[in-house]
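Here the structure comes first, spelled out in structure tokens, and everything after it is commentary.
In the numbering used here, the protein residues as written are 3 to 137.
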């Protein structure tokens, strides 16, 4: 399914992060080949998910952005929502298995503020890219 390479997505995400984009924006924006939104619209749609939904440290913004992409790819009509849910559960489980949680506050609890977020961005992009390659 992917025409864009994983490394290209990861490199673009690193650049976006350097430019100040949120964790969720970095994930969502690098899948523009799948959602088809212009960069500024993709940034707007995914902005509020950063920092665990508006900086509240709830579900990790990278996992939330992964969920947006899943909806873009798998949602056709209300009957397809269970396909989307199943896909998101699988990807979320993989993320939690690799990182111990999908909750932002738990992910950041043992770190000095300011980054491991890039590693979570990379993990979400990798999980999503690899799982879409299997589709």
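Yeah, the Cβ is synthetic: ideal placement off N, Cα and C, and Gly gets one too.
First through last residue of the alpha helix (DSSP H) which encompasses residue i
{"i": "residue 79", "result": "First-last for residue 79: undefined, no H or E at that position."}
{"i": "residue 128", "result": "119 to 135"}
{"i": "residue 112", "result": "Where residue 112 is concerned, there is no enclosing alpha helix (DSSP H), given that its DSSP letter is neither H nor E."}
{"i": "residue 39", "result": "Where residue 39 is concerned, there is no enclosing alpha helix (DSSP H), given that its DSSP letter is neither H nor E."}
{"i": "residue 32", "result": "Segment: none, residue 32 is in no alpha helix (DSSP H) and carries neither H nor E."}
{"i": "residue 51", "result": "It is not in any alpha helix (DSSP H) - residue 51 carries neither H nor E in the DSSP assignment."}
{"i": "residue 17", "result": "8 to 20"}
C-beta contact flag for residue i and residue j at 9 Å
{"i": "residue 130", "j": "residue 72", "result": "yes"}
{"i": "residue 85", "j": "residue 76", "result": "yes"}
{"i": "residue 27", "j": "residue 18", "result": "yes"}
{"i": "residue 133", "j": "residue 87", "result": "no"}
Rounded Cβ spacing between residue i and residue j (contact assumed at less than 8 Å)
{"i": "residue 98", "j": "residue 104", "result": "5 Å"}
{"i": "residue 24", "j": "residue 63", "result": "6 Å"}
{"i": "residue 126", "j": "residue 29", "result": "5 Å"}
{"i": "residue 52", "j": "residue 60", "result": "About 11 Å; that fails the 8 Å criterion."}
CA-to-CA distance, residue j to residue i, given in whole angstroms
{"i": "residue 32", "j": "residue 106", "result": "21 Å"}
{"i": "residue 11", "j": "residue 81", "result": "31 Å"}
{"i": "residue 123", "j": "residue 40", "result": "20 Å"}
{"i": "residue 56", "j": "residue 48", "result": "10 Å"}
{"i": "residue 100", "j": "residue 94", "result": "10 Å"}
{"i": "residue 70", "j": "residue 34", "result": "12 Å"}
Cross-strand partners of residue i (DSSP beta bridge)
{"i": "residue 105", "result": "61"}
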